[in-house]
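One structure is given here, and the rest of the page talks about it.
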Amino acid sequence: MKTAVFPGSFDPFTMGHLDLVNRGLRIFDKLYVVILTNLSKTPFFDLEHRLAMLEKIAHRFNGRIEALAHHGSLVDLCKLKNINFILRGIRGVSDFDFELQFCNGMRNLNHELEVVTLLCSPEYSWISSSLARQAIVLKFDYSKILPEEIQEFISKRFQSTNL
């Protein structure tokens, strides 16, 4: 069985992320969608909420994706789960340099790792988690930015409170 890790901060999980999961499942039998700690970012949603959102998405895929949070290195997680593939996405040219460095870093740390990078589908290239967070705070329509499960989660948990 071919399995990959799809890492990110998923703050929140967007339609772009969902597109990568759908396309990744054409290549892999199973995906671990993993929330990693990004020390250069201050999360908008706490880890518990991000994991709950991912678990709602996971139900859609009948066991083919598993949501989890990992506090250590991605390389260690891949070794622990015996996974040799990492799924990544590129929205545009601005993402390319970071993803190239990421790929080379992962391969340098573990020569068994292969990073599979998919180009973003054009209809999602404008979507980012930053844009989603702004739409949530400003109470704009985020129906084209966030999957239905995430929209429901946010409206139930966050729209009645001040963010």
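Our numbering numbers the first residue of the sequence shown as 1412 and each following residue consecutively. Cβ atoms here follow ideal geometry from the backbone N, Cα and C, with glycine treated the same way. These numbers were taken from a predicted model, which means no experiment stands behind them.
First and last residue of the uninterrupted alpha helix (DSSP H) at residue i
i	result
I1468	1458-1469
L1479	Premise fails: L1479 lies in the beta strand (DSSP E), 1476-1481, not in any alpha helix (DSSP H).
K1413	From DSSP, K1413 is part of no alpha helix (DSSP H); its letter is neither H nor E.
K1567	1559-1568
L1436	1426-1438
Nonlocal neighbours in the same chain, by C-beta distance under 6 Å from residue i, ignoring five residues either side
i	result
A1480	I1446, L1458, L1462
Own chain residues within Cβ distance below 8 Å of residue i, not counting five before or after
i	result
F1513	R1499, V1526
M1426	Y1535, I1538, K1555, I1556, L1557, P1558
P1533	none
P1454	S1420, D1422, R1461
CA nearest to the CA of residue i, picked from the options
i	options	result
A1469	K1555, S1566, K1441	K1441
Y1535	E1477, N1449, Y1553	Y1553
L1431	V1548, G1503, L1529	L1529
D1506	C1531, F1496, A1415	C1531
F1421	T1448, L1488, D1487, R1434	T1448
D1590	R1437, V1416, A1478	Absent from the structure is residue 1590, since the part of the chain shown begins at 1412 and ends at 1574.
N1493	R1568, H1428, Y1443, A1546	Y1443
Residue span of the beta strand (DSSP E) that contains residue i, given as start and end
i	result
L1447	1441-1447
Proximal residues to residue i (C-beta, below 7 Å), its chain only, five neighbours per side dropped
i	result
E1510	R1499, I1501, T1528
Which ranges does the beta strand (DSSP E) cover as unbroken runs of at least 3 residues, wholly within the region 1485-1555, from first to last along the chain?
1496-1501, 1525-1530
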